[in-house]
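Quick note on numbering: the sequence shown equals residues 2 to 78 in this note's numbering.
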Amino acid sequence: MQKIKKLPVGVIYALGAALLWGILPIFLKVAVAKIPAITIVWFRFAFSFLSLFLYFALFQRNSLKILIKPPLFSILA
2 MQKIKKLPVG VIYALGAALL WGILPIFLKV AVAKIPAITI VWFRFAFSFL SLFLYFALFQ
62 RNSLKILIKP PLFSILA
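Right, dumping it as structure tokens:
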């Protein structure tokens, strides 16, 4: 019963991902003509970082506790 309720949400996510996957090359072609590629990459990384940080800060605050004292091996990596 639970899987039936989640099916429409999954379909919406899949359609949204396919739409973004199809539109992204068009926007990148226009953007690269006017903006250097390294700048576009920087903005993509910055936007992704901010989006994930806000998500974890709002919905999964316990996941951010590792940033207070990170494990040694993650620092070395």
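Note that CB positions come from ideal geometry on N, CA and C, so glycine has one too. Everything numeric in this text was worked out from a predicted model, so none of it was measured.
Assigned secondary structure, residue i (DSSP; H/G/I helix, E/B strand, else coil)
i: I36; result: coil
i: I69; result: coil
Own chain, CB closer than 7 angstroms to residue i, minus 5 neighbours either side, in chain order
i: F57; result: S64, L65
Assumed close pair residue i, residue j - CB separation to whole angstroms, cut-off 8 angstroms
i: I41; j: V33; result: 7 angstroms
Own chain partners of residue i with C-beta closer than 8 angstroms, once the 5 adjacent residues on each side are dropped
i: L77; result: none
Neighbour flag for residue i against chain D, beta carbons, 9 angstroms
i: W22; result: The displayed structure is made up of one protein chain only, and chain D is not part of it.
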